[in-house]
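Sequence order for the protein chains is A and B.
The opening residue of the first sequence carries number 2 in this note's numbering; numbering runs sequentially from there.
The opening residue of the second sequence carries number 2 in this note's numbering; numbering runs sequentially from there.
Where a beta carbon is used, it is the ideal one built from N, C-alpha and C, also for glycine.
There are 2 protein chains.
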Amino acid sequence: MTKRIAIIGAGPSGLAQLRAFQSAAEKGAEVPEVVCFEKQENWGGLWNYTWRTGLDQYGEPVHGSMYRYLWSNGPKEGLEFADYSFEEHFGKQIASYPPRAVLFDYIEGRVQKAGVRDLIRFDTAVRWVEKAGDQFNVTVCHLPDDRTYTESFDHVIVASGHFSTPNVPQFDGFETFKGRVLHAHDFRDAMEFKDKDLLIVGTSYSAEDIGSQCWKYGAKSITVSHRTAPMGFDWPDNWAEVPLLTHVDGNTAHFKDGSSRDIDAVILCTGYKHHFPFLPDELRLKTANRLATQDLYKGVTYVNEPALFYLGMQDQWFTFNMFDAQAWWVRDVILGRIEQPDTATMVADVADRIAREDAGKDDYDAIWYQGDYVKELIAETDYPSFDVEAACQVFKEWKGHKKAGIMTFRNNSYTSVITGTLAPAHHTPWKDALDDSLEVYLKN
Amino acid sequence: MTKRIAIIGAGPSGLAQLRAFQSAAEKGAEVPEVVCFEKQENWGGLWNYTWRTGLDQYGEPVHGSMYRYLWSNGPKEGLEFADYSFEEHFGKQIASYPPRAVLFDYIEGRVQKAGVRDLIRFDTAVRWVEKAGDQFNVTVCHLPDDRTYTESFDHVIVASGHFSTPNVPQFDGFETFKGRVLHAHDFRDAMEFKDKDLLIVGTSYSAEDIGSQCWKYGAKSITVSHRTAPMGFDWPDNWAEVPLLTHVDGNTAHFKDGSSRDIDAVILCTGYKHHFPFLPDELRLKTANRLATQDLYKGVTYVNEPALFYLGMQDQWFTFNMFDAQAWWVRDVILGRIEQPDTATMVADVADRIAREDAGKDDYDAIWYQGDYVKELIAETDYPSFDVEAACQVFKEWKGHKKAGIMTFRNNSYTSVITGTLAPAHHTPWKDALDDSLEVYLKN
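Shown next as structure tokens:
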């Protein structure tokens, strides 16, 4: 009997898995029956923008964490698919920091070409997964008609992402603060904060980018509160970095150094959780957000249950191309082309990855660490080889460009590691480009 | 072996069930082992205020729909516990429309006295319930340590409420609206909308009360859009009722009659869903929000699986006292004091209730319909009898007071149907009372 494979999620990782199987089939391999369950009504995962926040039209947690006017915060040359270049999709090379709609279009282009949409059951939330003998029983709910059903699978591939469930700390005084307190996950439109004094808590990508957005769209001031260290970029004049928030009192925010500021709203850019409410303890990944996750052999196989895989659960420098490397590798395990070792060997592999990550001293070590990981996986499959070293160099340049100008770095261009073409300069500097539509972006 | 009972939720309904069993035990009955699973860290259900919106600290949907400055929108004389009066709790009679904190205190007082807190497993979300033979397997997650486990029960009582999962319609243009769009479920502080032009969609209690709050706290204007008919109260000058929203274009809202208004924010007061993502089809109640629900014999027993009960799933005139009537009745079924009939009889009971509700012509019929239901249940148990007819009259008076002045109705007083005492007039008219604390409310 043909094996049955369940993929949970049709975002970049789940779509990579669908494309991986389709690519093998295209080359003549016999592939198992694949079913992809997607909670949203369309594919694209986080890249599928929604105005909704909190719970969706079916009462399910909203997956999307993206906001209006979002442009890629890293160069597209670091994430290009090796089997589907930007030039193939758009018919020309495009500038390096596309807005969301442009990247969505690109992701979609590859899977439209692959013809895998029929394998996805949209509007279908996974409710519960259980092991039953050698099989996994997957219970799902088809949301539009509120109908649950259970099917059995030989493998489950969890590709539901880990930037959807917000980590939301409490600070004293939030319960009586007279304005909005929200997590980055619920941020949608910077215009809501025009002329406002905004407090941002956190210093990672969300803080940097949401702060920059709100600055660009006319916030009166941006105050960013850090736990450990300021981001240290050369910020505009109405931008300040301050120590950790201790509490708010009315509309006054107080910080660890005794200073205070009056604020109109608080955006908690405090990260996300790995959250799998549909999995019991024995199947559920528990890991910090790091490059070498806990309990995943080769970063994908759940060591306690090697018929179960997780895609894209690492913290990320590499994204789409890393998900591809993982998806091709998982496919080849399922197709019997790659044999997995015994548990002890898998556990040792995890420990080794963690030790090697921990030995790194800075972001550059981290970039090359993850580059090596991508190289390792693609060497074991037929995923098109590409110049991973050059992609690492792109990330390094990017960091330099951010350091040189946090509000200007998106005006730079990089060379594709897939096609070797240098990206054109964009027609408008990012800070003056208020229209984030695909049509306007492509007018180069 | 002692029976085991699972109660899902420690809000007013779940607490009523705990008190019902404790009351029987107090009188010498042998009662089963009761375990109550509560997702929140404290009891009180909706009455347990949180500043959080969307997802909570554990990534679970926030239960709370209540907001700051919320005062009861109905007289407390309509919801008083027959076994625990306001006078017993506060040591004196208090005014008729208490703010949230006062009602929370009252709810908590009864169960503190009953000593049932140890039966509740807090911070514990129910993940999945399945029938296995005569038993229910209930799988839960203890959220602080992210640990799942499964236990078996003879009965499950679903008391998780139905005013927590928002019903969120889409209107064209929301995806490009340059302000906040939120459901009433996520509304927290009216001060966020001070000096704003606010659009409210919907005409039920949330619309009426959130609009009134925002008016009280200084919104510039309130526009309420209705699908069927305006609420028709005598609104303040900066308040308008308009036909259904058709779309928004930039920050302009357009209505069915061709009129339009510029707005800063949209609050969708469009109701809630019965949502039980932890239940498979064969156990899951599917009903409209009405007085006579689908599939519940006597309004509580799930006809397809009579060992499963639902509390408080009706639309509500009566609240706390009706949950009590239901909880005492369910308890007596479980204790063997009440025998349930065969399925055909239960199904006929449901049909009869629906027909009788449908025959009602107005709100007054609805009030007495639900009053009769409460009477019917308490007549079959030892729940302290009270003057249900007088409670119906309180609701009728209340409706008259709202008609007479939507911003003044909370200044009225009613007579307790439990103790016969007339409530004192409150020291400050509602529209001038900006402090909603318990301490200030009780200064009468």
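Once DSSP output is grouped into helix, strand and coil, what is the label at residue i?
i	result
Asn138 (chain A)	strand
His276 (chain A)	coil
Lys132 (chain A)	strand
Pro342 (chain A)	coil
Val348 (chain B)	helix
Arg148 (chain B)	strand
His90 (chain B)	helix
Gly117 (chain A)	The sequence as given places Val at residue 117 (chain A); Gly does not occur at that position. Coil.
Tyr107 (chain B)	helix
Ala102 (chain A)	helix
Leu1 (chain A)	Lying outside 2 to 445, the shown extent of chain A, residue 1 (chain A) is not represented and no answer is given.
Arg357 (chain B)	helix
Leu297 (chain B)	strand
Val1 (chain A)	As displayed, chain A neither begins before 2 nor continues past 445, which places residue 1 (chain A) out of reach and without an answer.
Val127 (chain B)	strand
For residue i, is the beta carbon positioned less than 7 Å from some heavy atom of the ligand SAH?
i	result
Asn252 (chain B)	The model on display carries no ligand, and the ligand SAH is accordingly not part of it.
Which residue comes first and which comes last in the beta strand (DSSP E) that contains residue i?
i	result
Ser261 (chain B)	Ser261 to Asp263
Tyr311 (chain A)	Leu309 to Tyr311
Leu269 (chain A)	Ala266 to Leu269
Ala7 (chain B)	Arg5 to Ile9
Ile158 (chain B)	His156 to Val159
Leu1 (chain B)	Here chain B has residues from 2 to 445 only, and residue 1 (chain B) is not among them.
His428 (chain B)	First-last for His428 (chain B): undefined, no H or E at that position.
Ala254 (chain A)	Thr253 to Phe256
Taking the alpha carbon of residue i as the point to measure from, which residue in the options has its own alpha carbon closest?
i	options	result
Glu34 (chain A)	A:Gln41, A:Lys40, A:Ala25 and A:Glu42	A:Ala25
Ser213 (chain A)	A:Thr125, A:Phe175, A:Phe279 and A:Ile268	A:Ile268
Glu377 (chain B)	B:Lys257, B:Ala326, B:Val36 and B:His276	B:Ala326
Ala407 (chain B)	B:Glu131, B:Trp431 and B:Val351	It is Ile, not Ala, that sits at residue 407 (chain B) in the sequence shown. Closest option to Ile407 (chain B), Cα to Cα, is B:Trp431.
Asp147 (chain A)	A:Ala434, A:Tyr59 and A:Arg291	A:Tyr59
Tyr311 (chain A)	A:Phe324, A:Thr320 and A:Gln317	A:Phe324
Cys393 (chain A)	A:Val127, A:Asn290, A:Arg189 and A:Ala367	A:Ala367
Val331 (chain B)	B:Ala426, B:Ala21 and B:Trp52	B:Ala21
Asp282 (chain A)	A:Arg181, A:Lys403, A:Val130 and A:Gly421	A:Val130
Val334 (chain A)	A:Lys362, A:Ala360 and A:Thr302	A:Thr302
Ile313 (chain A)	A:Gln136, A:Val63, A:Ser165 and A:Gly55	The residue you asked about is not Ile; residue 313 (chain A) is Gly in the sequence shown. The shortest C-alpha separation from Gly313 (chain A) is found at A:Ser165.
Pro385 (chain A)	A:Ala241, A:Val418 and A:Ala96	A:Val418
Lys28 (chain A)	A:Gly75, A:His64 and A:Ala115	A:Ala115
His248 (chain B)	B:Ser226, B:Asp238 and B:Pro237	B:Ser226
Lys132 (chain A)	A:Leu120, A:Ser153 and A:Ala126	A:Ser153
Tyr107 (chain A)	A:Ser86, A:Phe256 and A:Glu358	A:Ser86
Ala352 (chain A)	A:Ile158, A:Gln295 and A:Tyr370	A:Gln295
Thr253 (chain A)	A:Ser207, A:Lys179, A:Leu183 and A:His184	A:Lys179
Asn43 (chain A)	A:Ile121, A:Thr429 and A:Glu176	A:Ile121
Tell me which residue opens and which closes the alpha helix (DSSP H) that residue i is part of.
i	result
Ser24 (chain B)	Pro13 to Glu27
Phe324 (chain B)	Phe321 to Ile335
Tyr442 (chain B)	Leu439 to Tyr442
Any beta carbon of chain D sitting closer than 8 Å to that of residue i?
i	result
Glu381 (chain A)	The chain inventory of the structure shown lacks chain D, comprising the protein chains A and B.
- prompt: Where in the stretch 162-241 of chain A do unbroken runs of the beta strand (DSSP E), each at least 3 residues long, occur, reported from the N-terminal end onward?
  reply: 181-184, 198-202 and 222-226
task: Would you list, in chain order, the members of the stretch 307-318 of chain B that have their beta-carbon closer than 8 Å to a beta-carbon of chain A?
output: none
message: Along the stretch 48-69 of chain A, where does the CB come closer than 9 Å to a CB of chain B? Name the residues.
response: Tyr50, Thr51, Trp52, Arg53, Thr54, Gly55, Leu56, Asp57, Gln58, Tyr59, Gly60, Glu61, Pro62, Val63 and Arg69
- request: For the stretch 368-424 of chain B, list the alpha helix (DSSP H) runs that are entirely contained and at least 4 residues long, ordered along the chain.
  value: 389-405
message: Please identify, using Cβ separations under 7 Å, the residues of the stretch 210-241 of chain A that lie next to chain B, in order along the chain.
response: none
- request: Taking a Cβ distance cut-off of 9 Å, strictly less, list which residues of the stretch 114-135 of chain B are near chain A, in chain order.
  value: Ala126, Arg128, Trp129 and Glu131
Cβ-based contacts, 9 Å cut-off: residues of the stretch 168-194 of chain B near chain A: Asn168, Val169, Pro170, Gln171, Phe175, Glu176, Thr177, Phe178, Lys179, Gly180, Arg181, Val182, Leu183, His184, His186, Asp187, Arg189, Asp190, Ala191, Met192 and Glu193
task: Note down, one range per segment and in chain order, each beta strand (DSSP E) of at least 3 residues found wholly within the stretch 34-70 of chain A.
output: 34-38
task: Can you give me, in chain order, the residues of the stretch 268-290 of chain B that have a beta carbon less than 7 Å from any beta carbon in chain A?
output: Lys274, His276, Pro278, Pro281, Asp282 and Lys287
- prompt: When Cβ atoms are compared, which residues of the stretch 135-148 of chain B fall closer than 8 Å to chain A?
  reply: Thr140, Cys142, Asp147 and Arg148
task: Please name the residues in the stretch 149-168 of chain A whose beta-carbon is closer than 7 Å to at least one beta-carbon of chain B, in chain order.
output: Thr149, Thr166 and Pro167
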